[in-house]
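Enquirer:
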């Protein structure tokens, strides 16, 4: 029972790691079982929807962690410029540290799932969750809602693009040039003083 | 003989269309044969390296067309700002027109091929070719070489990122916010007067 009860999160963790490295289709259920050391029967016991459901859960977990990382980062900085910097730098460091192997868990579902509504919806919900998390923090730093939303969206797109080109070129340079234009934008859009909404409240869980 | 001689480009064209829509692994050789109406024996006759070689050729063809599109666009505009606008707008229009199905042929090779050197090298060469094509034109519009390179790189990354998020969100908004920050950057980096290098010369073919 104990073993069974942690098989599910372990399998999601394994799927998440494999998808971000090699994509969705190349992630075999047998690889997920091997990496998570889960018993063979676990897949359809925990994920009746099979690989699709596992991928959807992996994207959800990835987005939740990204949103939490953004929240924590926001607590340690004083402006939208600093938050954009933390967000981009984090993605850059993870990629370089993994020798350009660890990309995003969401992007492959979108690029490989154009005709699979479940994957596409998971990708949309996951990106929306991250964008909303960033937009909330930018607004807290004094930006108006539309600007905050725009900056959040372009920051997420910018990191996604840098992940693709940096992995191809095996160079962190795309992150650096993207960071430069994102901070430029943040500086011009944003007030650097936090708005007066009291303590730094955390964003609500949004499940699109 | 006539039939055999156009099987190769038709198969490359089919592979290119399928990869940009559904990714690398989900593109089966049987689908390529069906879409290109090529005889079954054609794959290993024209592509002894099999699917990997076909994908490499597809990425090369895609990059070549992108570079040509950039050259043509540059002939019709007068500044780096206008060229960035044309480049981003073209990608946006293609995606929306295809109902969010047609992404980039290169990105899936990178995201699915992290441990496949042939795919990764093809991705790197293809992105480099597009970046060099853009950088050449930006320099022609009066930008210094380092700035031109940076703007080209961030434009390519920006379009890649917008393709990922726009496909997920099924909205062109990510292109619009990315275009805004790219043209901002271009305007601040670039002189709008062409430099004096005579006629608008075309970029040399570069095969990295």
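Residue numbers (the working numbering), protein chains in the order written: chain A, 7 to 214; chain B, 7 to 214.
Built from N, CA and C at the ideal position, the CB exists for glycine as well.
Please decide whether residue 114 of chain A counts as near chain B, where near means a Cβ-Cβ distance under 8 angstroms.
Expert: Within the first chain, residue 114 of chain A is the residue found at index 108, counting from 1. Yes, residue 114 of chain A lies at the interface with chain B (some Cβ there is under 8 angstroms from its Cβ).
Enquirer: Using the rule of at least 16 other Cβ atoms within 10 Å of the residue's Cβ for burial, across every protein chain shown, is residue 13 of chain A buried or exposed?
Expert: One-based indexing of the first chain puts residue 13 of chain A at position 7. Buried, by the Cβ-count rule.
Enquirer: Any Cβ of chain A within less than 8 angstroms of the Cβ of residue 31 of chain B?
Expert: As a position in the second chain, residue 31 of chain B is number 25, starting the count at 1. Interface residue, yes.
Enquirer: In three-state DSSP terms, what is residue 83 of chain A?
Expert: Within the first chain, the letter at position 77 stands for residue 83 of chain A. Note: residue 83 of chain A maps to coil in three-state DSSP.
Enquirer: Go through its chain and collect everything with a Cβ distance to residue 178 of chain A's Cβ below 8 angstroms, but skip five positions before and after it.
Expert: For the purposes of this step, residue 178 of chain A is taken as the residue at position 172 of the first chain. Around residue 178 of chain A: 98, 101, 102, 172.
Enquirer: Rounded to whole angstroms, what is the Cα-Cα separation between residue 73 of chain A and residue 139 of chain A?
Expert: Walking along the first chain from the start, residue 73 of chain A turns up at place 67. Walking along the first chain from the start, residue 139 of chain A turns up at place 133. Computed Cα separation, rounded: 6 angstroms.
Enquirer: Starting from residue 117 of chain A, trace the alpha helix (DSSP H) both ways and give me its first and last residue.
Expert: Looking up residue 117 of chain A in the first chain gives position 111. Run containing residue 117 of chain A: 113 to 118, per the alpha helix (DSSP H) assignment.
Enquirer: Give me the residue from B/16, B/59, B/131 with the minimum Cα distance to residue 2 of chain A.
Expert: This structure cannot settle anything about residue 2 of chain A, because the visible part of chain A is limited to 7 through 214.
Enquirer: At a CB-CB cut-off below 7 angstroms, which residues of chain B make contact with residue 133 of chain A?
Expert: Here residue 133 of chain A refers to the residue found at position 127 when the first chain is read from its first residue. Within chain B, 171, 174, 175 have C-beta atoms less than 7 angstroms from the C-beta of residue 133 of chain A, given in sequence order.
Enquirer: How about residue 190 of chain A: is its C-beta nearer than 8 angstroms to some C-beta of chain B?
Expert: Here residue 190 of chain A refers to the residue found at position 184 of the first chain. With 8 angstroms as the cut-off, residue 190 of chain A counts as an interface residue toward chain B.
Enquirer: Look at the Cβ atom of residue 30 of chain B, then the Cβ atom of residue 114 of chain B, and state whether they are nearer than 8 angstroms.
Expert: As a working mapping, residue 30 of chain B is identified with position 24 in the second chain. As a working mapping, residue 114 of chain B is identified with position 108 in the second chain. For residue 30 of chain B and residue 114 of chain B, yes; Cβs fall inside 8 angstroms.
Enquirer: Is residue 157 of chain B near residue 191 of chain B, with beta carbons less than 8 angstroms apart?
Expert: Mapped onto the second chain, residue 157 of chain B falls at position 151. Mapped onto the second chain, residue 191 of chain B falls at position 185. Contact: yes.
Enquirer: The stretch 69 to 96 of chain B: which residues have C-beta closer than 9 angstroms to a C-beta of chain A, in chain order?
Expert: none
Enquirer: Given that residue 162 of chain B touches chain A, what residues does it touch there, using C-beta distances under 7 angstroms?
Expert: For the purposes of this step, residue 162 of chain B is identified with residue 156 of the second chain, where counting begins at 1. Neighbours of residue 162 of chain B on chain A, chain order: 171.
Enquirer: Does any residue of chain B have a CB that is nearer than 8 angstroms to the CB of residue 40 of chain A?
Expert: In the first chain, residue 40 of chain A corresponds to position 34, counting from 1. No - not a single Cβ of chain B is within 8 angstroms of the one on residue 40 of chain A.
Enquirer: In the DSSP assignment, the alpha helix (DSSP H) including residue 54 of chain B goes from what residue to what residue?
Expert: Locating residue 54 of chain B in the second chain gives position 48, where the first residue counts as 1. Neither: residue 54 of chain B is in no alpha helix (DSSP H) and is coded neither H nor E.
Enquirer: Cβ of residue 136 of chain B versus every heavy atom of the ligand NAP: is any distance shorter than 7 angstroms?
Expert: The ligand NAP is not among the ligands present in this structure, which contains no ligands whatsoever.
Enquirer: For residue 149 of chain B, go through chain A and note every residue whose CB falls closer than 8 angstroms to its CB, in chain order.
Expert: The residue labelled residue 149 of chain B in the question sits at position 143 within the second chain. Within chain A, no residue comes near residue 149 of chain B; the closest Cβ sits about 14 angstroms away, beyond 8 angstroms.
Enquirer: Please check if any C-beta of chain A sits within less than 8 angstroms of the C-beta of residue 126 of chain B.
Expert: Indexing the second chain from 1 puts residue 126 of chain B at position 120. Closer than 8 angstroms to some Cβ of chain A, the Cβ of residue 126 of chain B qualifies, so yes.
Enquirer: Under 9 angstroms Cβ-Cβ, which residues of chain A neighbour residue 107 of chain B?
Expert: Against the second chain, residue 107 of chain B aligns to sequence position 101. Near residue 107 of chain B (Cβ distances below 9 angstroms), the residues of chain A are 120, 121.
Enquirer: From the beta carbon of residue 203 of chain B, is the nearest beta carbon of chain A less than 8 angstroms away?
Expert: Here residue 203 of chain B corresponds to residue number 197 of the second chain, with the count starting at 1. Only weak support is given to the placement of residue 203 of chain B: the predicted model assigns it a pLDDT of 46, under 50, and the question is left unresolved by the model.
Enquirer: First and last residue of the alpha helix (DSSP H) that includes residue 171 of chain B?
Expert: Along the second chain, read from residue 1 onward, the residue named residue 171 of chain B stands at position 165. 151 to 175 is the span of the alpha helix (DSSP H), which, as asked, contains residue 171 of chain B.
Enquirer: Which residues in the same chain as residue 33 of chain A place their Cβ atom closer than 6 angstroms to its Cβ, once the five residues preceding and following it in sequence are excluded?
Expert: On the first chain, position 27 is the one that residue 33 of chain A refers to. 24, 25.
Enquirer: For my contact list, residue 38 of chain A and residue 60 of chain A are in at a C-beta cut-off of 8 angstroms; report their separation, rounded to the angstrom.
Expert: Position 32 of the first chain, counted from the start, is the residue given in the question as residue 38 of chain A. Position 54 of the first chain, counted from the start, is the residue given in the question as residue 60 of chain A. Rounded, the Cβ-Cβ distance is 7 angstroms, consistent with contact.
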